[in-house]
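Structure, as structure tokens:
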Amino acid sequence: MSLVPFSQACENNKGPILEVISQVFSSSSLILEIGTGTAQHAVHFAQAMPHLTWQTSDQACYLNGIEAQLNFIRSQSDQSTDPIANIQSPLILDVTQPWPYFSGKGAIDGVFTANTLHIMAKEMVEAFFAGIGEHLQTNGNLCIYGPFNYAGNYTSESNASFDIWLAQQDPRSAIRDIEWIIQLAETQGLTLAEDHKMPANNRLLHFVKS
Numbered sequence: 010m011s012l013v014p015f016s017q018a019c020e021n022n023k024g025p026i027l028e029v030i031s032q033v034f035s036s037s038s039l040i041l042e043i044g045t046g047t048a049q050h051a052v053h054f055a056q057a058m059p060h061l062t063w064q065t066s067d068q069a070c071y072l073n074g075i076e077a078q079l080n081f082i083r084s085q086s087d088q089s090t091d092p093i094a095n096i097q098s099p100l101i102l103d104v105t106q107p108w109p110y111f112s113g114k115g116a117i118d119g120v121f122t123a124n125t126l127h128i129m130a131k132e133m134v135e136a137f138f139a140g141i142g143e144h145l146q147t148n149g150n151l152c153i154y155g156p157f158n159y160a161g162n163y164t165s166e167s168n169a170s171f172d173i174w175l176a177q178q179d180p181r182s183a184i185r186d187i188e189w190i191i192q193l194a195e196t197q198g199l200t201l202a203e204d205h206k207m208p209a210n211n212r213l214l215h216f217v218k219s
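Quick look at the structure:
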């Protein structure tokens, strides 16, 4: 049996993130989460927004952990019905490879990702936006949570230290400049609608597909 993964950061930020995305995704139907990780976000958001279908996805090595989290939540419920019936089993998604075929699940009208772009290499970030440009429907919403630099500057000393730590783990990882992120988004028809300040020196970027 796989151990149930846990992230304290996810526990800390799921509430503030939900405050924003519950408004952004209020009229959405199918959300693709890229980089589901521990699935703590997926569970919290899907339970709070039962009108949505929440499609989890991640690289293959994380799928067992996602399934373990979902099974754990179901095992702890005393309800006769599935408490997370609106969460779809995880798909393998490597942004640099052909994306899963979503036909039959409905049109993806929302995408969410948290703390992924600073882990990805630059070419992976480019592939991330290219995939969203292909799969997110017109007027769909993209929400990206994480740290960003502005005009090449860190927003805090802790972010500067975090960036050093990232480089020690993988030289290809780095906090990204928001100007570059906006440029990549615009090439895929995505316009920045809101840049929300979040706790712990993070941001939540809301883009809309034209």
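Positions 10 to 219 (the numbering used here) are the ones given, in order, by the sequence shown.
Heads up, the beta-carbon is just placed ideally off N, CA and C, and yes, glycines get one too.
None of these values were measured; they are calculated from a predicted model.
Notebook entry, point to check: Which residues in the same chain as glutamine 97 place their Cβ atom closer than 8 Å to its Cβ, once the five residues preceding and following it in sequence are excluded?
Noted result: For this step, residue 97 is matched to residue 88 along the sequence shown. Taken in chain order, the residues that qualify are Thr62, Trp63, Gln64, Thr65, Lys114.
Checklist line | Beta carbon of tyrosine 163 nearer than 8 Å to that of asparagine 211 | finding: Sequence index remark: in the sequence shown, residue 163 carries index 154 (1-based). Sequence index remark: in the sequence shown, residue 211 carries index 202 (1-based). No, the Cβ-Cβ distance between tyrosine 163 and asparagine 211 is not below 8 Å.
Notebook entry, point to check: In its own chain, which residues sit with a C-beta less than 8 Å from the C-beta of isoleucine 191, not counting the 5 before and 5 after it?
Noted result: In the sequence shown, residue 191 corresponds to position 182, counting from 1. Leu201.
Check: Any idea what DSSP makes of glutamine 64, helix, strand or coil?
Finding: The residue you call residue 64 lines up with position 55 of the sequence shown. Note: glutamine 64 maps to strand in three-state DSSP.
Next item on the list: Determine, using beta carbons only, whether asparagine 158 and arginine 181 come nearer to each other than 8 Å.
Entry: Against the sequence shown, residue 158 aligns to sequence position 149. Against the sequence shown, residue 181 aligns to sequence position 172. Going by C-beta atoms, asparagine 158 is not nearer than 8 Å to arginine 181.
Item checked: Nearest-angstrom Cα separation, counted from lysine 206 out to asparagine 80 -> As a working mapping, residue 80 is identified with position 71 in the sequence shown. As a working mapping, residue 206 is identified with position 197 in the sequence shown. Distance between the alpha carbons of asparagine 80 and lysine 206 is about 33 Å.
Checklist line | CB of asparagine 150 within 8 Å of CB of valine 217, strictly | finding: Within the sequence shown, numbered from 1, the residue matching residue 150 stands at position 141. Within the sequence shown, numbered from 1, the residue matching residue 217 stands at position 208. Yes, these two residues count as a Cβ contact at 8 Å.
Next item on the list: Kindly indicate which residue of Gly44, Trp174, Ser16 has the alpha-carbon position closest to the one of valine 134.
Entry: Residue 134 sits at position 125 when you count from the first residue of the sequence shown. When each option's Cα is compared against that of valine 134, the closest is Gly44.
Notebook entry, point to check: Per DSSP, lysine 131 is paired with what?
Noted result: Residue numbering aside, residue 131 sits at position 122 when the sequence shown is read from its first letter. None; lysine 131 has no bridge partner.
Check: Smallest Cα separation from proline 25: which of Ile75, Leu199, Pro208, Val33?
Finding: Along the sequence shown, one-based indexing puts residue 25 at 16. Taking only the C-alpha atoms, the option nearest proline 25 is Pro208.
Check: Which of the three DSSP states, helix, strand or coil, is assigned to isoleucine 187?
Finding: Within the sequence shown, residue 187 is the residue found at index 178, counting from 1. It is helical.
Margin query: Residues in the same chain with beta-carbon distance under 7 Å from isoleucine 82, minus the five sequence neighbours each way, listed in chain order, please.
Written below: By one-based count along the sequence shown, residue 82 stands at place 73. Once the five neighbours on either side are set aside, the close Cβ partners of isoleucine 82 are Val52, Pro92, Ile93.
Checklist line | Three-way DSSP call (helix, strand, coil) for leucine 102 in this model | finding: Counting from 1 along the sequence shown, the entry for residue 102 is found at position 93. Leucine 102 falls in the coil class under three-state DSSP.
Checklist line | methionine 58 to tyrosine 71 span [Cα, whole Å] | finding: As a working note, residue 58 is residue 49 in the sequence shown. As a working note, residue 71 is residue 62 in the sequence shown. The straight-line gap from Cα to Cα measures roughly 24 Å.
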